[in-house]
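Asks:
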Amino acid sequence: MKGFIKVSVFVFLLLLGIAVFAQAPEEKNEGVAKHLIESPISFRGDSLNCELVGGWFSGPCGAIFVDSTKDTLAFIGDGGYLRILNVSDPSSPTTVGKLKCPRVIKDIYVKDSFVYIADGESGIRIINATDPTNPVEIGFYDTGDWAYGVHVVDSLAYIANYEGGLYVINVSDPTNPTEIGFYDTGGNSYDVHVVDSLAYVANYEDGLYVINTSDPTNPTEIGSYDTGNCAYGAYVVDSLAYVADGSDGLRIINASDPTSPVEIPVRWRLGSMIRGTALTALT
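Here the sequence shown stands for residues 72 to 354, where the numbers follow my numbering.
(1) Can you tell me whether DSSP reads residue 298 as helix, strand or coil?
(2) With distances taken between CB atoms, is the gap from residue 248 to residue 231 smaller than 9 Å?
(3) Do residue 146 and residue 137 count as a contact pair if the criterion is CB distance below 9 Å?
(4) So, with DSSP's three-state summary, where would you put residue 162?
(5) Secondary structure at residue 355, three-state DSSP: helix, strand or coil?
(6) Going by alpha carbons, who is nearest to residue 202 out of 162, 220, 215, 157?
(7) Per DSSP, what kind of secondary structure is residue 260 in: helix, strand or coil?
(8) Considering only the alpha carbon of each residue, which of 309, 287, 258 lies closest to residue 297?
(9) Please report the distance separating the alpha-carbon of residue 124 from that of residue 191.
(10) Taking only three categories from DSSP, how would you classify residue 140?
(11) Who are the Cβ neighbours of residue 184 in its own chain at under 7 Å, not counting the five residues just before and after it?
(12) Could you name the residues of the same chain whose beta carbon sits closer than 8 Å to that of residue 333, not counting the 5 residues immediately before and after it, in chain order?
(13) Using a 10 Å radius around the Cβ and a threshold of 16 neighbouring Cβ atoms, would you call residue 265 buried or exposed?
(14) If you run the structure through DSSP and keep just helix, strand and coil, what is residue 325?
Given below as structure tokens:
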């Protein structure tokens, strides 16, 4: 009888645990889930002309930014933590500072001594990293949706705000950021890259949107290109937009005429889902 009771209690606790886990808010487990879901669907094989020289392998990393003016520091989204790494020795990065954020970090942009974090449901967090060993949050703005992407130009932060579209936030006073304009893309905005007065938005199933922000209080769409899959990331160099198009790989869009972007008929299928893009000049 005692054995039966013990088994019954064990089964009850097991079922209760499963039920609680199933009903838990998605965000609590997002770091692990995101790490698993976004892992490559398949591997292409051996590396091609690249060699792993170092890394930080202690958990899911969903965002990274390396400031060209502080190229010994890498700012990464370590789940719900902003972690600042010294990468002066790339074979052995070391943590110099970290800060807990309310949610799982989606994107990072660093300008001067400030770190701008797209923090999902918690909007935009602004961190003073003048002392990288002791980063301190000094301001935030609740975007009302899920902040997935951030790009800062001068005193304006451009936010890819999921179902909210493109938001423009004045961060001239980083302790009190204020919204000054937005554009409803009608889709799910995951990333944004700004060149001059044009914001290039990766708008998921709707592809790439080109938005004129010359008047940041009234952004207007001037062009778009349907990438055919799910646009997760966008990065623009000169007149070319490089789009991470989910399971369709990398697409390269000629945006020399931003009102009529056209795809260059070369597409890299990487054998896995890609969700972000970043380029730098090679010399």
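Quick reminder that beta carbons are idealized off the backbone N, C-alpha and C, glycines included.
Replies: A quick look at the data gives this:
(1) coil
(2) no
(3) yes
(4) coil
(5) For the chain, the structure presents residues 72 to 354; residue 355 sits outside this window and is missing.
(6) 157
(7) strand
(8) 258
(9) 31 Å
(10) helix
(11) 199, 200, 201
(12) 296, 324, 325
(13) buried
(14) strand
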